[in-house]
Structures are given as C-alpha cells and as structure tokens.
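Engineer:
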Amino acid sequence: MPTEPLWRQSATTVVDLLQRGDISPVELIDIAAARIEEVDGSVNALPIRCLDQARDQARTRTAQGGFGAPLYGLPIAVKDYNDVAGVRKTYGSPIFADHVPDRSDATVETLTGNGALPIAKSNVPEWAGGHTVNPVNGLTRNPWRTDLSAGGSSGGSAAALATGQVWLATGNDLGGSLRTPAAFNGVVGLRPTPGLVPRGTRLMPFDTLWVEGPMARSVADLGLMLQAGAGQHGDDPLSVPRSGDFRSAARQPLRPGRIGFSTDLGAVPMARTIASAATKAAETIAANGTDVTPDIPDFAGAFDAFQTLRGVLLATMMGPLLDTHRPQISPAIIGNIELGFAVTPAELFAAERTRQHLVNQMTAFFRTHDCLICPATSVLPFAAEKPYVTEIDGVACETYIDWFAVTFLLTLTGCPVVALPCGITADGLPVALQIVGPPRGEEKLLSIARWLEDLFAVSDQVPIDPRAP
C-alpha cells in the first residue's frame, strides 16, 4: 500500500489497488467522504452527495461478483447536469431544485457499467456559464485561492479534483465548460471528438457543439477515465463503439514532431501574463526537439459563427422551458435563449459555412502538423463575486463570453482538445495550454499530452488544501 493518504494517490494507482483486492470500494468511499468533510466547506465543490447509496451499490456489486474493468469500483463525482438514478439533479436552477431522475443518463450508465461509483454531484452554474454559482447550491470557490472563481461550468468537478475529494470527475463542454475550470484549478480535462463519449437524451441528438468528457489530475488518469467512458449507447445516435486503448496511450509519452503555436489564435483577446506563460511553454517544447511553427488555421468569422450556433442550440433546448418558467430563469440565460430566437436564416447559413471552412482548414493543418497549441484561458481566475470577466488587461469585453473565446473557437472545429497545466504564476495560480489533435485522434493526443505533462512537471502540484487569500 502507498505510504501517503490514498486521497493523494492517482486514480491509476488506486484502481490497481482495487483490482488486486488490496482495498475495497466501500473503504475508498469512506476515505473520499472524510476528505469531503475536511475540505469541501471551503470550496463547495460537491453540494449534493450520495455516499450511502454508493456504499449500498458497492456492497451489492461486490456480493454479485465485483466490479469490472477499467475502474473496478472507483468513486467518482458526476456533474450536476448529468442524471444519476435516485440522486437529486438541479441544473443549478430553482425549477429543478427537488428533481430526482429515476434513471442514469448514457454518460453515467457507461461509466458505471465500467466500474465507476458516483458518490456526489459537482456544482454548476445555473444552466450554463463560465463561473460556477447558482441560487440552489451556491458558489464554488477556487482552491488555489478561495476568493477566486473556479471557472465553469464544470467548476465543481475541477475544484473537487484539485482538493483530492475524488479521483475522477465528469465534465461537459460547449464553449469551454470543461477546459476553463481545468485550467483555473490546475487539473487536466479532455473535450473529446463528438460521439466518443455518449450523451443523454436531454441534448439535441445530432448536435456536435456539446460533448461530455473526462476530468482528472493527470494525463494517465484522464486516459483511464476515457477508457471507461467511451463507447456506443442506444440513447445517443452519434455515439460509436470504443476503439483503441486510451489508458495505454496516456501512459506512453510521444514527442510531437511539428506543432502550430499561437498565443491568441489570431482572433481573441489575451492577458499578457497568459501569453507570456504560453510562449515560455512553447519555447520549452522547441528546446526539446519539436519544430514549433506559427502556422495555424484562419479563425476569421468563427467568433460570430459560434455565437450564432450556440444561440440556436440554447433556444432549441430551452425554448419550451422559457415559455413555462420564465420568472424562475436568470436574466442572463433568458438573454442567451432569446439571442437564438433572433437568429435569421442568413446568419445561420453563414455560420455553417464558416464552420465548414474552418473544419476544412483544420484537416489541411493536420497533414503537416501533429497538433495545435494555444492558451486554455485568456485570463487568470477572477474574483469570485464577479459574474463574468468584463475586461482583459484594460480592454473591455463586448459580450459576456468574450473572455473564453480561446476555447469556443476550437469547439467549432470538432477536434479533441486536452487542457493541460503548463506553469504556475508568480502569484501562485495555475496556467494551462490547450492541445488540439485531429478528430478521432485521442490516442495520439493523449500520448503527446503525456510528453508535455512530463516536460512541464506541473500536474503533480495537485491535490492541494484550499488556500485562503
């Protein structure tokens, strides 16, 4: 057994212990419960807990013959946008404050079928957003400095991982909802190719903007969770059978031969501190034998295209709810839904043509490059009492989502993206990169990310105890 507390250990280490029978799932639930009790009062990452249900499931599964690979009974956190049977799911909305689904969704069913044990729901913004706060479960704080934002919308998952409350957690990503909190909290996240991780029936069945994905403390753990979470499911017509060995790929470092690097994708605002840290990381990559070029696709028009397509998606998904529950929905979300209603056919056609052009450019880019690298955020974690970022180094943001444009522009490409810590600022806050690979290229992308993780040597900074300002 490891000498350090098991909550500090990696998911891969703990799964090996489970597989050998050196520890039981119930014992691990108790370890996680003690850590939650110790630290979550400072960050509010896991407001909805199902520890007793998880213990009962663990005992039942053990009596029936145990858990299968790849997770063997590992406790995980599930984001509060996902269904876990018998556990409250709120979306951070008063409308659903007491909602309890009777069936888990496709994402959770796939994970539990491969050995995962949900022990808590992680906090989210109300319906959507880049800052995790809502009127039902409150504010999630950043453990690196508890007066700062944990990001969103997977802020609860990221903060729970960073503080060692769980070993793995689910996230989902429309415009950066997985990547931004991973960066803010110094953990690792993967926005996979659409269809790789199955989604629940609440989502539009043929939409490719919103994906489900794994979050972890290291690339090896990320590969392990993807191994458990990928696969075909009857509820998701875009889902495909799992192929490849993501766990092995994430353990095998691969130095990229040639990458494209940009501090801002030529299209987004970027804080000087972030640009400087990303440039330093690129210089380190180049110094270790990789050809680093400034070659990147042209993202002209992508900002407006994403705004249009996101608006249409939100209006499609939430329009009926707005008709019946408008007084119980926050003004910001109402505004986003109504933006979708206002989209004209010409604007929608133009957005789709922009996306088509960008995807074709990415295809050409990957003929000559292994990956594209850029910052994972435009800003450092901001004050927790602010609803969103209003300026970047003194330059005003025109919309409330400008500050995470560096992630949502990549959403349009349909490519898998890893958010990976690359440094720590002088003020002690994590900075991260996005590593972009070709569609269905997750195995190679994970191997490249593992090489970069070893090069930067930052991921071992977590888990941490919450730090007061």
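Position one of the sequence shown corresponds to residue 120 (this note's numbering), numbered consecutively onward. Here a beta-carbon is modelled for each residue, glycine too, at the ideal position from N, C-alpha and C.
#1: For the segment 445-464 and the segment 359-379, state whether three or more C-beta atom pairs, one from each stretch, are separated by less than 8 Å.
#2: Output the distance between the C-alpha atoms of R168 and I238, rounded to the nearest integer angstrom.
#3: Between the Cα of G385 and the Cα atoms of S497, T299, Q475, which residue gives the shortest distance?
#4: Relative to the C-alpha of A152, which residue among F215, H250, D489, A279 is closest?
#5: Using the Cβ count rule (16 or more neighbours within 10 Å means buried), how would you classify T251?
#6: What three-state label does DSSP hand T299 in the structure shown?
#7: Among V581, F303, R374, E471, which residue has its Cα nearest to the Cα of G408?
#8: Kindly identify the DSSP beta-bridge partner or partners of I492.
#9: List in chain order: all unbroken alpha helix (DSSP H) runs of 4+ residues lying wholly within the segment 438-468.
#10: Beta-carbon separation of D266 and A551 under 8 Å?
#11: Less than 8 Å between C-beta atoms, sequence neighbours within five positions excluded: which residues of the same chain meet that for S566?
#12: With 16 as the cutoff for other CB atoms within 10 Å, does G542 come out buried or exposed?
#13: So, at 8 Å on beta carbons, what are the nonlocal neighbours of T530 in its own chain, with the 5 sequence-adjacent residues on each side left out?
#14: Might you give, ordered along the chain, the residues of its own chain that have their beta carbon closer than 8 Å to the beta carbon of G257, omitting 5 neighbours on each side?
#15: Taking the alpha-carbon positions, what's the G589 to P194 distance?
#16: Quick one: is R370 near chain B, going by C-beta distance under 8 Å?
#17: Compute the distance between the beta-carbons of K198 and T289, then report whether it is under 8 Å.
#18: In angstroms with no decimal places, state the Cα-to-Cα distance between G350 and P557.
#19: With 16 as the cutoff for other CB atoms within 10 Å, does E572 come out buried or exposed?
#20: Terminal residues of the continuous beta strand (DSSP E) containing I543?
#21: Less than 7 Å between C-beta atoms, sequence neighbours within five positions excluded: which residues of the same chain meet that for R154?
#22: Which residues mark the beginning and the end of the alpha helix (DSSP H) in which K563 is found?
#23: Quick check on DSSP: helix, strand or coil for V514?
#24: Consult DSSP for S268 and reduce its assignment to one of helix, strand or coil.
Structural biologist: According to the structure shown:
#1: In this structure the segment 445-464 does not lie against the segment 359-379, because fewer than three pairs of beta carbons, one per stretch, are closer than 8 Å.
#2: R168 and I238 have their C-alpha atoms roughly 6 Å apart.
#3: Checking every option, the nearest Cα to that of G385 belongs to S497.
#4: For A152, the closest of F215, H250, D489, A279 by C-alpha to C-alpha distance is A279.
#5: The residue in question, T251, is buried, as its Cβ has 16 or more Cβ neighbours within 10 Å.
#6: DSSP places T299 in the helix class (H, G or I) of the three-state scheme.
#7: Nearest Cα to G408 within the set V581, F303, R374, E471: R374.
#8: Note: I492 is bridge-paired with F380, I554 in the DSSP secondary-structure output.
#9: Counting only runs of 4 or more, we get 450-461.
#10: In this structure, D266 sits away from A551, with a CB-CB distance that is not shorter than 8 Å.
#11: Excluding positions up to five away in sequence, the list reads A368, A369, Q371, P372, L373.
#12: Burial is judged here by how many other beta carbons sit within 10 angstroms of a residue's own beta carbon; G542 has at least 16 and is buried.
#13: Cβ neighbours of T530 beyond the five flanking positions: D292, L293, G294, G295, R310, L328, F425.
#14: The answer, listed in chain order, is N163, P166, N242.
#15: Residue coverage of the chain in this structure runs from 120 to 588, which leaves residue 589 outside it and unanswerable.
#16: No chain B is part of this structure, which consists of one protein chain only.
#17: Yes, the Cβ-Cβ distance between K198 and T289 is below 8 Å.
#18: Distance between the alpha carbons of G350 and P557: 19 Å.
#19: That one is buried.
#20: Where I543 is concerned, the enclosing beta strand (DSSP E) stretches over 536-543.
#21: Once the five neighbours on either side are set aside, the close Cβ partners of R154 are W126, G283, Q284.
#22: 561-575 is the extent of the alpha helix (DSSP H) around K563.
#23: Note: V514 maps to strand in three-state DSSP.
#24: In this structure, S268 counts as strand in the three-state DSSP scheme.
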